[in-house]
Structures are given as structure tokens and as C-alpha cells.
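Residue numbers (the UniProt record's numbering): 1 to 401.
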């Protein structure tokens, strides 16, 4: 019943927000009708400015998280300008279809927002059936449970804590959640953008990153997808140019493995048609960063001037792997292999947490600042009469100067 009521409320909210948003834009267009061209030009100028900033930033370094901010500014400015332009035409044949499409999309987003806890638990159930029962595979389960408990926790805080502590326990976590959502959305943006990379068929090296073995010496389905993606590129380049790139299979031997991962991957590739001389194994690495460092040593020892290199991993892992490649001094971008849809939510969340931990000092500072701001805000809210008296006293002081 609670979920049904929330769904109905979200639908009504979507209609209200959509209608109010449309009315606001229409009134704005009517007000600006006299000098409409100037505002439209400004909107498109701002859109182009954000696009240029994004393009320059992305060209300089694909692994900058700020790329997501620039792209989002461009994306939303573009669509806002398009909306104002359409409404400003006064042509109902265009306005109404676009308006209904906007309302439909808004309703879908509201529905997903309301049902997100159920969707997360549904995904957790699928993962629980198909994957190991580890913490790394339980992130959607934990998040779904937290989302369900939040209203009850909020109710307890409001009813059983003093006003100062209850307001602080609501304000501070809310700011932290908004902060986490902002960076998660930004990470998703750059992750999706990174998928739009199609390397030229002129590579000298293809690095295939390891992902653990099954039963100590067998390729897992996840790892097989990576190797097959690398082999497919190898064949495409060989067929088109006649130049066969060297494939470096990177992965050491884990404590529960009877063979080095790089060598097992190499044998799999040879068995599937890669020439023996084109298949190399790197067997010392234990982490993604070491994958890049030790693979770079193999590339440097080959003696090729300005070698062209790509790496292969799963699509959800490409962005963070590119960050490690940059840190290792390896000039390489990555292509991603397909990942099962049910596996993606947990995998993407793990990647996000790992990226956040890479800049833990910055985020801890931001959390501390949000705590200070929350304390200040709660004090201001609970003692607004004091604040008003201070402002009045300051005003009188400056008036007497």
C-alpha cells in the first residue's frame, strides 16, 4: 500500500511539475517575445561555450572526472534552449507533442525513483542466485534495504531526539547523500562517454587485463569475454591491414590458483587462433595498476618508437583502468567487452566506490565542511530570533558610523 501510494504521488508530482514547468517556460517566452532573439542567441552561445569547454577538457584527458560536469552543463543547457525555442514559436502542433513527451519521460523518471528500492532488491535476488554471496556482490541488496529503512529511521529521529540533534541528523546525511549522488551521476556520465571510443585498426599492442581464474586454472566467463573482445579486434586489424598486433595477457598467479592468469589467458587465445608469436604473457601483476606498469615494460622492451596501444577489459571497468594506465605512464585507451545486465549495477557501484577512495582526502574535507555547514544551518533555523536580533544590531551599528 505504501509503494502504491508513493507511485500515485509520484505520478501526480510528475504531472504537476511538468505542467508548471511548461507554464513557466511559456510565460517566460511570452514575456521575452519582444526581444526573443537576443535570449535565444545567448542560450545557444552558452551551449556552444560549454561544448567547447567539454571538448577541450576531454581532448586533454579522457579520465578527468570534470569532463562529466562540462558535458552535463552542455547537455542540459542545450535542451533548455531547445525547449524555450520551441515554446517561443507559439506553434501548438510542435509544442503539444513535445510537451507530452516531456511529461511521459518525467513520469518514467518519477516511477523509477519511487520503485528504486524494489528494483535494487530484485537485482540483488538475481545476483544472489547466479554469483557468489560476497560483500562486493551485495551492494544493491544493502542499498535497497537502506532505502526502505530511511523513512522509518527519519521518523524515529524526529520523534525521539531533541530538536537540535534531530535537525542535524536529518540535514547532515541529506547533504552527504546529495553530494554522493552528484558525484555518482558525474561518474556515470564519464563512464558512458568513455564507451564512445573506437580505436583505429593500427595498433601495435593489445593489453588484455586479467579477472581471476576458475578452479585455479580455467578461464571464467567474465575473463573469456575480455579475451574474446581482444581476439576480435586482433582479427579485424589483421584482416584489414595485414599488421598483427602483439597481444599482452596480463595477470599474475593468485593464492588459490595453480597457474599464472596471464599464461592461462595466452593459451586460450592461441587455442582460438592467435599466432603463438603474437601472444605474450605478463605474469607478475596482482592489481590493475600493476597490469599497466608491467605491460608497459614489455612494450618498452620491444623497441618500437611511439607504439600504439589499447587495453581490453569489461565495459564497466574501462574508465578506472584508463586512470591506472595514465598513472603508470602508459599511453593507452580501452575498449570494453560486454557484461551481463544483471551484473552491471553492483559492478558500477564497486567502481564508483573505488574511484571515491582514490580521492578520499578531498571527500573527507568536503564531508567535514558539510558537517560544519549543517551545524550552522540548524543553529540558524532553531534560533532565527537571535539571528534577526544580530542582523538588526549590525544594521544599527553601520547606520551610526
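Even glycine gets a Cβ: it sits at the ideal position worked out from N, Cα and C. It should be emphasised that the depicted structure is a prediction, and the values quoted were computed from it without experimental measurement.
Residue i - containing alpha helix (DSSP H), residue span
i, result
"residue 127", "116-130"
"residue 401", "It is not in any alpha helix (DSSP H) - residue 401 carries neither H nor E in the DSSP assignment."
"residue 148", "139-160"
"residue 88", "66-89"
"residue 164", "163-194"
"residue 360", "360-382"
Other residues of its chain near residue i: CB distance less than 7 Å, five sequence neighbours each side excluded
i, result
"residue 329", "296"
"residue 229", "312, 335 and 337"
"residue 19", "Annotation note: pLDDT 48 at residue 19 (below 50); position unreliable, no value reported."
"residue 308", "202, 203 and 204"
"residue 50", "70, 73, 74 and 77"
"residue 126", "342"
"residue 293", "328"
"residue 390", "none"
"residue 323", "63"
"residue 10", "Bear in mind that the predicted position of residue 10 carries a pLDDT of just 42, short of 50, making it unreliable; the figure below should be weighed with that in mind. Only 110, 111, 113 and 114 meet the Cβ criterion."
Local Cβ density within 10 Å of residue i, reported as buried at 16 or more and exposed below that
i, result
"residue 303", "exposed"
"residue 317", "buried"
"residue 198", "exposed"
"residue 34", "Because residue 34 carries a pLDDT of 47, less than 50, the predicted location of this residue cannot be relied on, and no value is offered for it."
"residue 348", "buried"
"residue 258", "exposed"
"residue 400", "exposed"
"residue 94", "exposed"
"residue 116", "exposed"
"residue 70", "buried"
"residue 380", "exposed"
"residue 112", "exposed"
"residue 185", "exposed"
"residue 287", "exposed"
"residue 160", "exposed"
"residue 233", "buried"
"residue 285", "buried"
"residue 140", "buried"
"residue 17", "Per-residue confidence for residue 17 stands at a pLDDT of 43, beneath the threshold of 50, marking its modelled position as unreliable; no derived number is given."
"residue 360", "exposed"
"residue 385", "exposed"
"residue 246", "buried"
"residue 394", "exposed"
"residue 388", "exposed"
"residue 178", "exposed"
"residue 146", "exposed"
"residue 276", "exposed"
"residue 225", "buried"
For residue i, the first and last residue of its enclosing beta strand (DSSP E)
i, result
"residue 326", "Residue 326 -> not in any beta strand (DSSP E); alpha helix (DSSP H) instead, spanning 318-327."
"residue 280", "279-282"
Close-in-space but distant-in-sequence residues of the same chain around residue i (CB under 8 Å, 5 per side omitted)
i, result
"residue 25", "At residue 25 the pLDDT is 48, less than 50, meaning the model places this residue with poor confidence; the figure from the coordinates comes in the next sentence. These residues qualify, in order along the chain: 83, 84 and 87."
"residue 66", "57"
"residue 158", "166 and 170"
"residue 373", "175"
"residue 351", "187, 191, 316, 317, 319 and 320"
"residue 398", "none"
"residue 392", "none"
"residue 195", "315, 318 and 336"
"residue 283", "251, 252, 253, 260, 261, 262 and 263"
Nonlocal neighbours in the same chain, by C-beta distance under 6 Å from residue i, ignoring five residues either side
i, result
"residue 369", "none"
"residue 53", "70"
"residue 68", "186, 189 and 190"
"residue 222", "211"
(request) Go through the UniProt domain "DUF218" (204-354) residue by residue and report every complete run of the beta strand (DSSP E) that reaches 3 residues or more, in order. (result) 205-209, 246-250, 279-282, 309-314 and 332-337
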